[in-house]
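Residue numbers (our numbering): 15 to 116. No residue lacks a Cβ here, since even glycine has one placed at the ideal position from N, Cα and C. Since this is a predicted model, take the numbers as computed values, not measurements. Working notes, structure below.
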Amino acid sequence: MAPSRRGIGDERLNQKIQCLKRNMAKISMDQLRIREEQTSVRQKFAIIKQQCQQLRKEINLISKQASMTQIRLAFMFQIIRARKDGNFSQAAKLTHSLRFIV
């Protein structure tokens, strides 16, 4: 007995369904990989953000230290100039101020 048309159509339909199921499984795996990568990227981003904040703190600290060094150098040069000019009272005041700053 020859197969009916309906049987051939059902077979094609089943093949298409199986193909769609394979495609859906592949898509699900791809989506899972994408979610995992997104999680990984978020974690890396959080680490980078934390490192950036730490670097900003360090930069601010270095900047403050550089400013204090500039101030101390300015006092030292004024002390040297005052001593060179023979203005020892001014040199003593500046030396006292420098000790207070340090």
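6 Å CB neighbourhood of residue i in its chain, flanking five on each side removed
| i | result |
| --- | --- |
| Met15 | Low per-residue confidence applies at Met15: pLDDT is 45, beneath 50, and the placement is therefore not dependable enough to give any value. |
Chain-order list of residues whose beta-carbon lies under 8 Å from that of residue i (same chain, five-residue window excluded)
| i | result |
| --- | --- |
| Arg86 | Leu112, Ile115 and Val116 |
| Leu27 | none |
| Ile93 | Ala105, Leu108, Thr109 and Leu112 |
Inter-residue Cα distance where the pair is residue i and residue j
| i | j | result |
| --- | --- | --- |
| Ser54 | Gln45 | 14 Å |
| Phe59 | Asp99 | 59 Å |
| Gln65 | Glu25 | 60 Å |
| Asn37 | Gly23 | 21 Å |
| Ile41 | Ile73 | 47 Å |
| Arg47 | Gln32 | 23 Å |
| Gln68 | Gln57 | 17 Å |
Three-state class that DSSP yields for residue i in the structure shown
| i | result |
| --- | --- |
| Val116 | coil |
| Gly23 | helix |
| Asp44 | helix |
| Asn101 | coil |
Own chain residues within Cβ distance below 7 Å of residue i, not counting five before or after
| i | result |
| --- | --- |
| Ala96 | Gln104, Ala105 and Leu108 |
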